[in-house]
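*Asks:*
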Amino acid sequence: MFKVYRISSHGGIIKGSAQINLDWTGIDILGPKSCIQANYNEPFDFEPEFPKMELDKNAIPTDLLSVRNLSEYLIVSERFLDVIKEYNTGTYQVFQRDLNTPKGNIPYFILYFPYWQDDTIVDWSASKFQFSPKDQRPDFWAKSENSEAYLKILEQIQSIQSRHLVSKLSEPPFDLFRMRAIREFSCHYISENMRQVFEDNCLTGINFLKETEFFTPEETETS
Numbered sequence: 158m159f160k161v162y163r164i165s166s167h168g169g170i171i172k173g174s175a176q177i178n179l180d181w182t183g184i185d186i187l188g189p190k191s192c193i194q195a196n197y198n199e200p201f202d203f204e205p206e207f208p209k210m211e212l213d214k215n216a217i218p219t220d221l222l223s224v225r226n227l228s229e230y231l232i233v234s235e236r237f238l239d240v241i242k243e244y245n246t247g248t249y250q251v252f253q254r255d256l257n258t259p260k261g262n263i264p265y266f267i268l269y270f271p272y273w274q275d276d277t278i279v280d281w282s283a284s285k286f287q288f289s290p291k292d293q294r295p296d297f298w299a300k301s302e303n304s305e306a307y308l309k310i311l312e313q314i315q316s317i318q319s320r321h322l323v324s325k326l327s328e329p330p331f332d333l334f335r336m337r338a339i340r341e342f343s344c345h346y347i348s349e350n351m352r353q354v355f356e357d358n359c360l361t362g363i364n365f366l367k368e369t370e371f372f373t374p375e376e377t378e379t380s
């Protein structure tokens, strides 16, 4: 079995976290180059338009910024970027943007991981999920053919009560990656190794959410 961890920013405007206000002035939010209108499963072949970022007056800058409505991206400091460059993160794109603060602009980096890893990692034929229907019917266990089928089931249910996840792999494919289906409000995951690296480097603003466990192929063969 191996574990991976979802990460997010601390959020809020308390000391030790970052709260960013977004200014969409001059950007066509529905336009083809808007960062929120892109197909989030392929690399950008153009320079996407991002809103301007301004630090809340009660917040301080951190290595991972809390930004609403941009959950498909990680907005990080140069220090954060330098750390992950040394590890296995797969394909990602970097877009530098300034964070406006009362003390002047600070360069930050918007990281975009174009490829979801759900179908790379999850053995959907072996994994199973306990769903709670919206219409008060009893909970039921079910399997899905792939991530697309799983997402269609999610539209019909109220919540997921339990997940038995089996991986195609013996370990995570990357130290930092993005998932579409196996997620909650946060979609970026890190390996146990990367979590330790973040802690050793004292990166700020990072919230390590509950771990997600995957049974490995070796374990399922012997069970």
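First residue of the sequence shown: 158, per the working numbering; consecutive thereafter. Positions of the beta carbon are idealized from the N, C-alpha and C atoms, including for glycine.
Alpha carbon to alpha carbon, how far is A195 from P189?
*Replies:* Your numbering for residue 195 matches position 38 in the sequence shown. Your numbering for residue 189 matches position 32 in the sequence shown. The alpha-carbon atoms of A195 and P189 are separated by roughly 7 Å.
*Asks:* On the premise that S234 lies in contact with D220, defined as a C-beta separation below 8 Å, what is that separation, rounded to the nearest angstrom?
*Replies:* Numbered from its first residue, the sequence shown carries residue 220 at position 63. Numbered from its first residue, the sequence shown carries residue 234 at position 77. Correct: roughly 4 Å between the Cβ atoms.
*Asks:* What is the rounded straight-line gap between the Cα of P295 and the Cα of V161?
*Replies:* Position 138 of the sequence shown holds residue 295. Position 4 of the sequence shown holds residue 161. Cα to Cα, the separation comes out at about 30 Å.
*Asks:* Excluding the 5 residues flanking S324 on each side, which residues of the same chain have their C-beta closer than 8 Å to its C-beta?
*Replies:* Along the sequence shown, read from residue 1 onward, the residue named residue 324 stands at position 167. Here the set comprises F159, I278, V279, D280, F371, F372, T373, P374.
*Asks:* Following the continuous alpha helix (DSSP H) through T277, name the residue where it begins and the one where it ends.
*Replies:* What you label residue 277 is simply residue 120 of the sequence shown in a count that begins at 1. It spans 275-278 - the alpha helix (DSSP H) in which T277 sits, taken as one unbroken run.
*Asks:* Taking the alpha helix (DSSP H) that V354 belongs to, which residues open and close that run?
*Replies:* In the sequence shown, residue 354 corresponds to position 197, counting from 1. Start and end: 349-357.
*Asks:* Spatial neighbours of N146 within its chain, please: C-beta separation below 6 Å, excluding the five flanking residues on both sides.
*Replies:* This structure leaves residue 146 out entirely; the chain is present only between 158 and 380.
*Asks:* Taking the beta carbon of R225 as the centre, do at least 16 other beta carbons fall within 10 Å, making it buried, or is it exposed?
*Replies:* Counting from 1 along the sequence shown, the entry for residue 225 is found at position 68. Classification for R225: exposed.
*Asks:* Looking only at DSSP bridge pairs, what is I177 linked to?
*Replies:* For the purposes of this step, residue 177 is taken as the residue at position 20 of the sequence shown. I177 pairs with L212.
*Asks:* Within 10 angstroms of the Cβ of F203, are there 16 or more other Cβ atoms? Answer buried if so, exposed if not.
*Replies:* For the purposes of this step, residue 203 is identified with residue 46 of the sequence shown, where counting begins at 1. Under this definition F203 is an exposed residue.
*Asks:* Can you tell me whether V240 is buried or exposed, with buried defined as 16 or more other CB within 10 angstroms of its CB?
*Replies:* What you label residue 240 is simply residue 83 of the sequence shown in a count that begins at 1. Burial call: buried.
*Asks:* Which value, in whole angstroms, describes the spacing of the CA atoms of N358 and N178?
*Replies:* The residue labelled residue 358 in the question sits at position 201 within the sequence shown. The residue labelled residue 178 in the question sits at position 21 within the sequence shown. The alpha-carbon atoms of N358 and N178 are separated by roughly 27 Å.
*Asks:* Measure the C-alpha to C-alpha separation of L231 and F342 and round it to an integer number of angstroms.
*Replies:* Indexing the sequence shown from 1 puts residue 231 at position 74. Indexing the sequence shown from 1 puts residue 342 at position 185. The alpha-carbon atoms of L231 and F342 are separated by roughly 13 Å.
*Asks:* Counting C-beta neighbours from all protein chains within 10 Å, is the total for D275 16 or more, i.e. buried, or is it exposed?
*Replies:* In the sequence shown, counting from the first residue as 1, residue 275 sits at position 118. By the 10 Å Cβ count, D275 comes out buried.
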